[in-house]
Amino acid sequence: MRSPAPLGSGRRRGPPGKRPRVVWGGRAHAGGVAARRVPALSAAPVRTGVATFCPAGGTWTLTPGGDRSAVSSRRSVDPLHRRFAQPQVPAPPASMAASPLPPPDPQFVLRGTQSAVHALHFFGGAQEQGCPLLLSGSLSGLVHIWSLQTRRAVATLDGHGGQCVTWLQTLPQGHQLLSQGRDLKLHLWDLAEGRNTVVDSVVLESMGFCRSSVLAGTQERWMLAMPGRGSDEVQILEMPSKTSVCTLKPEADAKPGMPMCLELWQADSNPRPLLLAGYEDGSVALWDVSERKVCSRVACHTEPVMGFDFDSQKTRGVSGSAEKALAVWSLDEQQALQVCRTHELTNPGIADVKIRPDCKILATAGWDHRVRVFHWRTMKPLAVLRFHSATVHCVAFAADGLLAAGSGDQRISIWSLYPTHSDMSAPLLGHAEGREVGAHAVA
3 MRSPAPLGSG RRRGPPGKRP RVVWGGRAHA GGVAARRVPA LSAAPVRTGV
53 ATFCPAGGTW TLTPGGDRSA VSSRRSVDPL HRRFAQPQVP APPASMAASP
103 LPPPDPQFVL RGTQSAVHAL HFFGGAQEQG CPLLLSGSLS GLVHIWSLQT
153 RRAVATLDGH GGQCVTWLQT LPQGHQLLSQ GRDLKLHLWD LAEGRNTVVD
203 SVVLESMGFC RSSVLAGTQE RWMLAMPGRG SDEVQILEMP SKTSVCTLKP
253 EADAKPGMPM CLELWQADSN PRPLLLAGYE DGSVALWDVS ERKVCSRVAC
303 HTEPVMGFDF DSQKTRGVSG SAEKALAVWS LDEQQALQVC RTHELTNPGI
353 ADVKIRPDCK ILATAGWDHR VRVFHWRTMK PLAVLRFHSA TVHCVAFAAD
403 GLLAAGSGDQ RISIWSLYPT HSDMSAPLLG HAEGREVGAH AVA
């Protein structure tokens with residue numbers, strides 16, 4: 003008695019002299035690979051074949067032979083295979099077709115503040131010795147001085163009685179540091195020769211969130227703008243004599259609320275000091291300090307201005323607030339402020355904005371734990387840096403292009419994204435513009 007052919011052998015005997023029928027060559031294989039249908043041309047055993055799914059001309063088609071690395075075109079599949087390759091499966095999105103390069107992590111991370119980081123400032127005074135420094139102010143009232151060479155804190159300044167340090171600034175003339183805290187004190191520190199001592203202090207008269215600003219003049223004299231006694235006032239002092247220059251009060255019919263951020267500057271064509279101030283009502287105002295009057299005011303946001311930066315060469319600035327947008331504004335020759343454009347964000351809340359010293363890119367500190375990087379001239383999104391696990395309170399740029407970000411997770415991340423000589427139009431390390439990077443950083 004003749005035994006039946008085994009299942010999947012591809013053999014089926016018919017009457018002598020008749021052409022064999024087309025039959026299935028075997029069961030479907032595992033791993034998503036389908037069985038190929040082959041014609042039985044003789045009574046000899048038919049070898050089972052497989053077909054693999056490969057991209058071809060924007061669709062996924064079947065390729066005979068089981069070679070997973072082979073990429074076929076539609077013309078390479080014979081009509082029989084084409085018939086059984088239908089319906090064709092649409093190709094995945096372009097972003098899934100090829101894996102991008104691994105996302106960059108921070109160059110390194112500084113730990114040890116023991117509390118949230120609210121202020122950052124690069125100190126170039128020691129760079130000639132090959133030891134760049136970064137200053138950080140924390141919620142616990144401490145100022146840490148970090149060596150970026152050893153990646154360790156080389157000194158800790160304790161002068162704000164455990165109250166949050168909100169602003170740090172060094173004077174360009176020498177090794178002197180200004181620190182502002184929520185204890186209503188603004189300290190002047192002497193950092194020369196490792197002394198790290200308070201040599202002078204100014205008492206603030208307003209318990210607000212406004213960060214002060216400095217306009218450096220000569221070696222002996224400089225100007226300081228800080229929150230005034232009234233909730234909507236700005237006090238201008240000449241330092242180090244602490245002589246009051248003026249108090250800037252909004253016009254009677256204006257109700258801008260508290261000043262939130264300040265920046266003193268001078269135009270190249272005019273030696274008169276000017277002050278830009280961001281207010282609680284979302285407006286930005288330009289003050290003539292000598293005349294004690296508002297030159298211009300523009301509504302940039304519907305929420306308080308949390309941070310801004312100004313490019314004095316292009317006379318253009320950018321500001322962020324609690325809302326989901328950045329505002330870019332400019333100053334014309336008549337000293338009139340006007341909003342040029344707004345850039346919508348994915349999530350609300352910007353705590354800080356900084357333009358890099360070469361004025362090519364800018365960075366924002368977000369409430370959503372992200373640092374966003376933009377091309378300054380075009381506002382094209384370049385990167386979204388995802389590393390921190392809490393609000394990013396502050397960002398700062400070094401002269402060589404390093405970016406530092408301080409967060410409520412008690413960490414300071416240091417990034418080297420676009421060197422100062424690089425092409426800003428190129429995506430970051432092969433990533434599409436605006437994509438999140440830094441997902442694999444070690445916590």
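Numbering (my numbering), first residue to last: 3 to 445. Glycine included, every Cβ here is placed at the ideal spot set by N, Cα and C. If you're wondering where the values come from, they're calculated on a predicted model, not measured in any experiment.
In angstroms, rounded to a whole number, what distance separates the CA positions of residue i and residue j?
i           : j           : result
residue 319 : residue 332 : 6 Å
residue 215 : residue 139 : 16 Å
residue 159 : residue 336 : 44 Å
residue 458 : residue 382 : Residue 458 lies beyond the residue range present for the chain, which begins at 3 and ends at 445; the question has no answer from this structure.
residue 229 : residue 208 : 6 Å
residue 178 : residue 188 : 13 Å
residue 199 : residue 126 : 19 Å
residue 408 : residue 223 : 31 Å
residue 243 : residue 404 : 35 Å
residue 260 : residue 161 : 26 Å
residue 142 : residue 152 : 24 Å
residue 148 : residue 397 : 15 Å
residue 2   : residue 302 : One cannot answer for residue 2 here, as it falls past the ends of the chain, which runs 3 to 445.
residue 359 : residue 154 : 25 Å
residue 369 : residue 280 : 19 Å
residue 55  : residue 347 : Note that residue 55 has pLDDT 41, beneath the 50 cutoff, so the model's placement of it is unreliable and the number below is only indicative. Computed Cα separation, rounded: 40 Å.
residue 226 : residue 202 : 14 Å
residue 402 : residue 324 : 30 Å
residue 107 : residue 170 : 26 Å
residue 196 : residue 186 : 26 Å
residue 144 : residue 121 : 11 Å
residue 137 : residue 111 : 14 Å
residue 156 : residue 420 : 28 Å
residue 191 : residue 180 : 6 Å
residue 416 : residue 194 : 25 Å
Taking the beta strand (DSSP E) that residue i falls in, what are its first and last residues?
i           : result
residue 395 : 394 to 399
residue 203 : 199 to 205
residue 249 : 245 to 250
residue 272 : 272 to 281
residue 215 : 215 to 218
residue 254 : Note, residue 254: premise wrong, no beta strand (DSSP E); not H, not E.
residue 387 : 383 to 388
residue 333 : 327 to 333
residue 408 : 405 to 409
residue 343 : 339 to 346
residue 172 : 167 to 173
residue 265 : 261 to 269
residue 209 : Element bounds for residue 209: n/a, residue is neither H nor E.
residue 311 : 307 to 313
residue 369 : Unbroken run through residue 369: none, as it is neither H nor E.
residue 177 : Residue 177 -> no beta strand (DSSP E), and no H or E assigned at all.
residue 136 : 135 to 140
residue 291 : Residue 291 -> no beta strand (DSSP E), and no H or E assigned at all.
Pop quiz: residue i and residue j are said to be a contact at Cβ under 8 Å. What is the actual Cβ separation, rounded to whole angstroms?
i           : j           : result
residue 374 : residue 366 : 5 Å
residue 123 : residue 168 : Not confirmed; about 12 Å, so no contact.
residue 233 : residue 239 : Not confirmed; about 19 Å, so no contact.
residue 314 : residue 267 : 5 Å
residue 354 : residue 284 : No, residue 354 and residue 284 are not in contact; Cβ-Cβ is about 17 Å, not under 8 Å.
residue 390 : residue 413 : 7 Å
residue 296 : residue 339 : The pair is not a contact, with the Cβ atoms about 10 Å apart (cut-off 8 Å).
residue 175 : residue 418 : Not quite, the Cβ-Cβ distance comes to about 29 Å (not below 8 Å), so this is no contact.
residue 361 : residue 316 : 7 Å
residue 265 : residue 278 : 5 Å
residue 378 : residue 364 : 5 Å
residue 328 : residue 352 : 7 Å
Taking all protein chains shown into account, do 16 or more other C-beta atoms lie within 10 angstroms of the C-beta of residue i, making it buried, or fewer, making it exposed?
i           : result
residue 342 : exposed
residue 115 : buried
residue 182 : buried
residue 282 : buried
residue 356 : buried
residue 236 : buried
residue 291 : buried
residue 393 : buried
residue 306 : buried
residue 269 : exposed
residue 311 : buried
residue 376 : buried
residue 205 : exposed
residue 271 : exposed
residue 274 : exposed
residue 164 : exposed
residue 372 : buried
residue 321 : buried
Less than 7 Å between CB atoms is the rule here; does residue i satisfy it with respect to chain D?
i           : result
residue 318 : Included in the structure is just one protein chain, with no chain D present.
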